[in-house]
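J.: The following block contains the structure, expressed as structure tokens.
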Amino acid sequence: MTTSNSQTSQPLWKSFLNPGWAIAAILAIAFSWFAITWLSPWQLNKDHDIKERNQRIEAAFEADPVDVSTILASGYTPSKEWTRVTMTGHYNPDSEILLRLRPVDGTPAFQSLVAFTLDSGDTILVNRGWVPAAEGGTRVPPLDPVPTGNTTLSAMLRTSDPATGTAPLEDQGFTMVQAIDTAHIAELTSQDLVSPYAQLLSDQPGVLNPIPLPMLDRGNHLSYGLQWIAFGIMAPAGLAYFIYSEIRERRRYRDEQREMESLTSTSGDSAAGPPDESAPSTTPAPAAPARARYGQSRKNPWAEKGPKGF
13 MTTSNSQTSQ
23 PLWKSFLNPG
33 WAIAAILAIA
43 FSWFAITWLS
53 PWQLNKDHDI
63 KERNQRIEAA
73 FEADPVDVST
83 ILASGYTPSK
93 EWTRVTMTGH
103 YNPDSEILLR
113 LRPVDGTPAF
123 QSLVAFTLDS
133 GDTILVNRGW
143 VPAAEGGTRV
153 PPLDPVPTGN
163 TTLSAMLRTS
173 DPATGTAPLE
183 DQGFTMVQAI
193 DTAHIAELTS
203 QDLVSPYAQL
213 LSDQPGVLNP
223 IPLPMLDRGN
233 HLSYGLQWIA
243 FGIMAPAGLA
253 YFIYSEIRER
263 RRYRDEQREM
273 ESLTSTSGDS
283 AAGPPDESAP
293 STTPAPAAPA
303 RARYGQSRKN
313 PWAEKGPKGF
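So this is what it looks like as structure tokens:
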């Protein structure tokens with residue numbers, strides 16, 4: 013048959029010039045690029061940041077606290093976050109702001125933020141800690157007032173949250189925000205706040221429930237990052253394997269068809285006897301039977317029987 017001959021004589025690479033293989037190649041390449049370029053660095057960067065944070069926290073508790081004015085005078089940078097500091101001054105109770113929608117250990121909570129004026133003249137925002145929200149997580153429970161007069165506090169410096177652009181909420185007699193953005197809170201309280209804020213440690217004057225420190229483990233971010241790299245490599249490798257399998261199967265199919273054509277031609281010549289060269293040829297050569305390229309299809313045994321199996 014001409015169809016069989018055209019299939020076996022067609023170059024193998026032309027069999028992959030169809031929409032199915034093109035879409036598979038595009039998807040494999042796109043997934044590999046996205047996994048290696050975006051997903052893997054995202055997880056590896058998180059692992060790097062957590063590792064640096066844990067090292068800063070461990071170093072902070074191995075070293076003695078320093079006066080906060082020393083750090084502010086030299087210029088605060090995010091690399092100094094989690095440094096333990098001492099500060100002397102007084103609270104400004106009229107500047108209290110509540111942080112909402114920031115659960116603590118899975119518990120709906122409100123956090124109290126109050127400006128603290130240092131003896132040096134600078135004003136820093138102090139996170140006094142948290143209280144569990146009442147009445148289903150919507151009501152502010154009674155808050156202990158801040159102490160009056162001069163006091164000395166021990167805290168850890170924290171970097172201000174990025175601006176969210178969310179307007180503050182006036183509710184239950186408090187001004188509430190969704191981020192500890194010192195620049196935004198400075199506008200709300202009319203206080204000239206420095207860029208970092210201080211997170212009170214336990215047993216300090218004015219503290220509520222102290223904010224728990226992060227767990228000093230790195231989590232699974234490193235393994236996730238390596239897994240995304242592996243997935244990015246496996247996608248094109250899997251496509252290459254399927255292409256190789258397809259080429260191997262097509263070559264085997266082509267070789268079998270050629271062998272079957274040769275056997276059919278030999279069998280036809282022997283059965284017809286010696287050819288008469290003077291007589292014109294009117295009977296075409298018998299076509300070689302073609303098999304299914306991916307194995308024999310199953311037959312339904314019940315289709316060959318009569319009604320009710322007879």
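Each position in the sequence shown, counted from 1, maps to that position plus 12 in the numbering used here.
Idealized CB from N, CA, C, for every residue including glycine.
Between the Cα of Ala146 and the Cα atoms of Leu130, Leu169, Thr176 and Pro115, which residue gives the shortest distance?
T.: Position 134 of the sequence shown, counting from 1, holds the residue named residue 146. Nearest C-alpha to Ala146: Pro115.
J.: Is the CB-CB distance between Leu130 and Gly101 below 9 Å?
T.: Walking along the sequence shown from the start, residue 130 turns up at place 118. Walking along the sequence shown from the start, residue 101 turns up at place 89. Going by C-beta atoms, Leu130 is nearer than 9 Å to Gly101.
J.: Is DSSP giving Pro217 helix, strand or coil here?
T.: Stepping through the sequence shown from its first residue, residue 217 is reached at position 205. Coil at Pro217, not helix or strand.
J.: Thinking C-beta only, is Glu93 closer than 9 Å to Pro174?
T.: In the sequence shown, the residue the question calls residue 174 occupies position 162. In the sequence shown, the residue the question calls residue 93 occupies position 81. Going by C-beta atoms, Pro174 is not nearer than 9 Å to Glu93.
J.: Are the Cβ atoms of Gln55 and His233 separated by less than 9 Å?
T.: By 1-based counting over the sequence shown, the position of residue 55 is 43. By 1-based counting over the sequence shown, the position of residue 233 is 221. For Gln55 and His233, yes; Cβs fall inside 9 Å.
J.: Which same chain residues end up closer than 6 Å to Pro105 when comparing Cβ atoms and leaving out the 5 residues on each side of it in sequence?
T.: Taking the sequence shown and counting its residues from 1, one reaches residue 105 at position 93. Excluding residues within five positions, the ones whose Cβ falls inside 6 Å are Val158.
J.: Mapping the DSSP letters down to three states, classify Arg112 as helix, strand or coil.
T.: Residue 112 sits at position 100 when you count from the first residue of the sequence shown. Correct three-state label for Arg112: coil.
J.: Cutting at 6 Å between CB atoms, please list the residues of its own chain near Phe243, excluding the five before and the five after it.
T.: Taking the sequence shown and counting its residues from 1, the one referred to as residue 243 is at position 231. So the qualifying residues of the chain are Ala47.
J.: Please specify which runs of the alpha helix (DSSP H), each continuous and at least 4 residues long, are wholly inside the stretch 180-256, giving them in chain order.
T.: The stretch 180-256 contains these whole alpha helix (DSSP H) runs: 194-201.
J.: Could you compute how far the alpha carbon of Phe28 sits from the alpha carbon of Glu261?
T.: Residue 28 sits at position 16 when you count from the first residue of the sequence shown. Residue 261 sits at position 249 when you count from the first residue of the sequence shown. Roughly 13 Å between the two C-alpha positions.
J.: Quick check: the Cα distance between Glu182 and Gly237, rounded to an integer number of angstroms?
T.: By 1-based counting over the sequence shown, the position of residue 182 is 170. By 1-based counting over the sequence shown, the position of residue 237 is 225. Cα to Cα, the separation comes out at about 43 Å.
J.: How far does the beta strand (DSSP E) with Arg170 in it reach, from first residue to last?
T.: Against the sequence shown, residue 170 aligns to sequence position 158. Thr163 to Arg170 is the extent of the beta strand (DSSP E) around Arg170.
J.: For the stretch 76-157, which segments carrying the alpha helix (DSSP H) assignment without a break, of at least 4 residues, lie completely within its bounds, in sequence order?
T.: Here the runs fully enclosed are 80-86.
J.: Rounding to the nearest angstrom, what Cα-Cα distance links Met272 and Ile38 in this structure?
T.: Walking along the sequence shown from the start, residue 272 turns up at place 260. Walking along the sequence shown from the start, residue 38 turns up at place 26. Rounded to the nearest angstrom, the two C-alpha atoms are 38 Å apart.
J.: Could you have a look at Glu268 and say whether DSSP puts it in helix, strand or coil?
T.: Taking the sequence shown and counting its residues from 1, one reaches residue 268 at position 256. If DSSP states are grouped into helix, strand and coil, Glu268 belongs with the helices.
J.: When you compare only the Cα positions, how much space is there between Trp240 and Ser44?
T.: Here residue 240 refers to the residue found at position 228 when the sequence shown is read from its first residue. Here residue 44 refers to the residue found at position 32 when the sequence shown is read from its first residue. The straight-line gap from Cα to Cα measures roughly 9 Å.
J.: How should Met99 be labelled, buried or exposed, when 16 other C-beta atoms within 10 angstroms of its C-beta is the threshold for buried?
T.: Walking along the sequence shown from the start, residue 99 turns up at place 87. By the 10 Å Cβ count, Met99 comes out buried.
J.: Nearest to Ala34 by alpha carbon, out of Ser166, Leu251 and Ala71?
T.: Residue numbering aside, residue 34 sits at position 22 when the sequence shown is read from its first letter. The shortest Cα separation from Ala34 among Ser166, Leu251 and Ala71 belongs to Leu251.
J.: For Gly87, tell me which candidate among Asp61, Arg65, Thr150 and Thr171 has the shortest Cα-Cα distance.
T.: Along the sequence shown, read from residue 1 onward, the residue named residue 87 stands at position 75. Measuring from the Cα of Gly87, the nearest candidate turns out to be Thr171.
J.: From the DSSP output, in three-state form, read off Leu39 for me.
T.: Stepping through the sequence shown from its first residue, residue 39 is reached at position 27. The answer is helix: DSSP assigns Leu39 an H, G or I state.
J.: Within the continuous alpha helix (DSSP H) that includes Leu51, where are the two ends?
T.: Position 39 of the sequence shown holds residue 51. First-last for Leu51: undefined, no H or E at that position.
J.: For a quick check, are the C-beta atoms of Leu125 and Val143 less than 9 Å apart?
T.: In the sequence shown, residue 125 corresponds to position 113, counting from 1. In the sequence shown, residue 143 corresponds to position 131, counting from 1. Not closer than 9 Å, so no.
J.: Can the beta-carbon of Gln123 be found closer than 9 Å to that of Leu111?
T.: As a first step, residue 123 must be located in the sequence shown, where it is residue number 111. As a first step, residue 111 must be located in the sequence shown, where it is residue number 99. Cβ distance < 9 Å, so Gln123 and Leu111 count as in contact.
J.: Looking at the structure shown, is Asn30 part of a helix, part of a strand, or coil, going by DSSP?
T.: Taking the first residue of the sequence shown as position 1, residue 30 is located at position 18. Three-state DSSP puts Asn30 in coil, outside helix and strand.
J.: Buried or exposed: which applies to Asp215, given that a residue is buried once 16 or more other Cβ atoms fall within 10 Å of its Cβ?
T.: As a working note, residue 215 is residue 203 in the sequence shown. Flag for Asp215 reads exposed.
J.: Output yes or no for whether 9 Å exceeds the beta carbon distance between Gly141 and Leu225.
T.: Position 129 of the sequence shown, counting from 1, holds the residue named residue 141. Position 213 of the sequence shown, counting from 1, holds the residue named residue 225. Result no, Cβ atoms of Gly141 and Leu225 do not sit closer than 9 Å.
J.: Should Tyr103 go down as buried or exposed, given a rule of 16 or more other Cβ atoms within 10 Å for buried?
T.: The sequence position of residue 103 within the sequence shown is 91, counting from 1. Tyr103 is buried by the Cβ-count criterion.
J.: Which residues in the same chain as Pro53 place their Cβ atom closer than 8 Å to its Cβ, once the five residues preceding and following it in sequence are excluded?
T.: For this step, residue 53 is matched to residue 41 along the sequence shown. Excluding sequence neighbours, Pro53 sits near Gly237.
J.: Around the Cβ of Ala10, are there at least 16 other Cβ atoms within 10 angstroms (buried) or fewer (exposed)?
T.: Outside the displayed span of the chain (13 to 322) sits residue 10, for which this structure offers no information.
J.: Helix, strand or coil, according to DSSP, for Ala72 in the structure here?
T.: Residue mapping note: residue 72 aligns to position 60 of the sequence shown, counting from 1. Helix, per DSSP.
J.: CB-CB under 6 Å to Asn66, same chain, minus the five flanking residues each way: which ones, in chain order?
T.: Here residue 66 refers to the residue found at position 54 when the sequence shown is read from its first residue. So the list reads Leu228, once near-sequence residues are dropped.
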